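What follows is one structure encoded as structure tokens, with my remarks underneath.
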Amino acid sequence: MSLYYLQKVLFQLNRDPGVRQRFDSDFAALLDEYELTEEEREALRKPDVGLLYVLGVNGQLLMHYAALCGMPWADYIEAMREGVCRHGPVRAGLYALPDPAP
Amino acid sequence: MPLVFAGVCSHAPGIVGRAHMADPADRASCHAAFDDMRVEIEATKPDALIVIAAEHFANFFMNNMPAFAMAMTDHYEGPIEDEVWLGIRRHRIPGHADLALRLITRVLDEVDVAYAEEWKLDHGIMVPLHFLTPRYDLPIIAVNINCQGPPLTPLHRAHAFGRVLRRACDEVPERIALIGTGGISHWPATPISGRINEAFDREFLERWSANRRDELLAYRDEDTYRNAGQGGFEIRTFIAVSGATEGLAADVLYYRAIPTFSVGCTIGIVRGLEGYDAVPQAGGRRQG
Ligand SMILES: [Fe+2]
């Protein structure tokens with residue numbers, strides 16, 4: 009689990025066109041610069057937005073990544089729901105706090 | 024001189040980006056309420072607009088997260104988000120580095136604020152500006168409070184920051200308008216995005232509009248998270264405005280829970296500001 013670096017990739021991807029370009033053209037080398045687990049690399053490569061949510065990525069980063077991947081809003085919300093079904097509850101970060109009241 | 028305007032508004036990206044998906048009556052009333060706020064701000068003829076917004080990881084990250092930060096720049100670029108997704112074209116937006124320098128210098132007497140000479144605007148500021156300064160012709164001073172990456176800025180510090188920011192504004196000759204943007208209850212960018220706790224919001228707006236400091240500072244983050252979501256942490260920006268306008272009550276011009284926008288859309292304006300006098304007040308109350 010290296011949520012800090014996983015989020016850092018997305019933070020830099022969201023705000024830096026140069027990083028965005030390398031993400032497309034030089035993915036493996038770019039990710040080598042961050043301390044990521046295999047699962048995290050895979051989630052970024054696919055991209056598996058649902059798993060990224062479960063891994064604990066903050067929505068203020070993830071929603072931009074989903075938009076960058078061309079996901080419409082409804083698909084993005086659905087991907088997070090599916091992610092929780094497939095991988096279980098959020099494991100770390102802000103959303104790993106106890107489930108909000110209905 | 025004393026603040027010429029102070030208020031609060033929502034900043035959820037859906038307000039613009041998903042406007043086409045909303046019920047037309049929701050969209051129209053929400054956008055009209057922003058327009059009422061614009062008219063009031065313009066009538067006060069401000070030299071600059073301070074926007075206190077919430078951390079969204081546009082400029083700062085957990086490698087070096089400030090509790091408070093102020094922009095000290097003559098221009099911004101924004102939005103950082105995809106233009107189509109947000110529904111707002113990328114612009115160069117004027118700042119006011121010289122005024123910011125003087126304000127920051129005064130604020131530092133009491134609160135350790137970080138400053139940044141480079142700043143990108145995200146929806147937390149771009150959505151309000153889209154409505155309030157649609158020609159992007161008013162210099163902006165961006166302010167950030169950490170509402171996103173725990174440990175968060177404590178509520179009482181947000182209030183104290185607002186107080187000293189007000190004093191700083193008092194001591195410069197410029198006519199300054201101030202807004203806080205964010206919240207209230209919402210679960211943005213989560214699987215339950217669209218949930219809104221209207222009872223929480225109305226209770227909070229009671230306390231905010233009466234500027235009851237102790238009741239505003241009584242919120243605990245655990246309860247806020249449970250009842251108002253992680254988006255509820257953004258009450259810090261409203262509380263900073265309360266600190267900047269101590270002793271003054273506010274009008275909640277508009278509140279309407281709009282799930283498509285993922286937030287209870289809110290427009291509030293502080294009344295009785297010394298610098299505001301002799302300016303006609305626009306419109307009536309718009310209740311959702
Ligand atoms: Fe926000």
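Going down the list, the protein sequences come from chains A and B.
Residue 100 in my numbering is what sits at position 92 of the first sequence, and the numbering runs on without skipping anything.
Residue 291 in my numbering is what sits at position 268 of the second sequence, and the numbering runs on without skipping anything.
From the three backbone atoms N, C-alpha and C, an ideal C-beta is built for every residue, glycine too.
Remember, it's a predicted structure, so these values are computed and weren't measured experimentally.
Sequence-distant residues of the same chain with beta carbon closer than 6 angstroms to B:Ala45, five excluded per side
Thr283
For B:Ala139, is the beta carbon positioned less than 7 angstroms from some heavy atom of ligand 1?
no
Find the residues of chain B that neighbour A:Asp75, judging by a C-beta separation of less than 8 angstroms, and give them in chain order.
Reading off the sequence, residue 75 of chain A comes out as Ala, not Asp. Residues of chain B passing the Cβ test: Glu104, Asp105, Trp108.
Residues in the region 57-71 of chain A having any Cβ partner in chain B nearer than 8 angstroms:
Tyr61, Asn66, Gly67, Gln68, Leu69, Leu70, Met71
Should B:Arg41 be labelled buried (16 or more other beta-carbon atoms within 10 Å of its own) or exposed?
buried
Does the Cβ of B:His179 lie closer than 7 angstroms to at least one heavy atom of ligand 1?
no
B:Arg3 and B:Ala191 closer than 8 angstroms at C-beta
No statement about residue 3 of chain B is possible, as the shown extent of chain B runs from 24 to 311 and does not include it.
Contact check, B:Ala233 vs B:Phe28, beta carbons under 8 angstroms:
no
For B:Arg186 and B:Asp132, I'd like the C-alpha separation in whole angstroms.
12 angstroms
Using a 10 Å radius around the Cβ and a threshold of 16 neighbouring Cβ atoms, would you call A:Glu46 buried or exposed?
exposed
Please list the segments of the beta strand (DSSP E) lying wholly inside the region 180-240 of chain B, counting only runs of 3 or more residues, in order along the chain.
199-204
Within the same chain, show all residues whose beta-carbon is closer than 8 angstroms to that of B:Leu178, passing over the 5 residues directly before and after it, in chain order.
Leu239, Leu240, Tyr242, Ile258, Arg259, Ile262
Kindly indicate which residue of B:His209, B:Ser216, B:Met60 has the alpha-carbon position closest to the one of B:Asp224.
B:His209
Given a cut-off of 8 angstroms, decide if B:Ile103 and B:Leu155 are closer than it, judged by their beta-carbon atoms.
no
Quick check on B:Pro211 - is its C-beta less than 8 angstroms from some C-beta in chain A?
yes
So, B:Ile202 versus B:Tyr99, is the Cβ gap smaller than 8 angstroms?
no
What whole-angstrom Cβ distance do B:Gly147 and B:Pro211 have, given they're in contact under 8 angstroms?
With 8 angstroms as the limit, B:Gly147 and B:Pro211 do not qualify as a contact, their Cβ atoms being about 11 angstroms apart.
Measuring CB to CB, does B:Phe84 end up less than 8 angstroms from A:Lys16?
yes
Would B:Ala81 pass as an interface residue toward chain A - the criterion being a Cβ-Cβ separation below 8 angstroms?
yes
Using the Cβ count rule (16 or more neighbours within 10 Å means buried), how would you classify A:Gln68?
buried
Could you tell me the alpha carbon to alpha carbon distance between B:Tyr248 and A:Leu38, rounded to whole angstroms?
35 angstroms
Where DSSP assigns a beta bridge to B:Lys143, which residues make up the other side?
B:Glu100
CA-CA distance, B:Pro303 and A:Glu41?
Here B:Pro303 scores only 47 on pLDDT, less than 50, and its place in the model should not be relied on; the value that follows carries that caveat. Going by the C-alpha atoms only, they are around 58 angstroms apart.
I think B:His34 touches B:Pro151, with their Cβ atoms under 8 angstroms apart; what is that distance to the nearest whole Å?
6 angstroms
Separation of A:Val98 from A:Arg49, as counted between CA atoms:
18 angstroms
Check each residue of the region 16-31 of chain A: if its Cβ is closer than 8 angstroms to any Cβ of chain B, include it; give the result in chain order.
Lys16, Phe19, Asn22, Arg23
Among B:Ala139, B:Arg294, B:Tyr277, which residue has its Cα nearest to the Cα of B:His54?
B:Tyr277
Where the region 141-164 of chain B meets chain A: residues whose CB sits under 9 angstroms from a CB there
Lys143, Asp145
On the DSSP letters alone, give me the boundaries of the beta strand (DSSP E) that B:Ile290 sits inside.
286-293
Does the distance from the CB of B:Ala251 to the CB of B:Thr176 come in under 8 angstroms?
no
At least one CB of chain A closer than 8 angstroms to the CB of B:Pro214: is that the case?
yes
Rounded C-alpha distance that separates B:Glu197 from A:Glu90:
52 angstroms
Collapsed DSSP secondary structure at B:Arg41 in the structure displayed
coil
Could you tell me which chain B residues have their CB closer than 8 angstroms to the CB of A:Arg89, listed as they occur along the chain?
Pro214
Would you check if the distance between the CB atom of B:Ala66 and the CB atom of B:Asn167 is smaller than 8 angstroms?
no
Could you check if B:Ala77 belongs to the surroundings of ligand 1, using beta carbon to heavy atom distance under 7 angstroms?
yes
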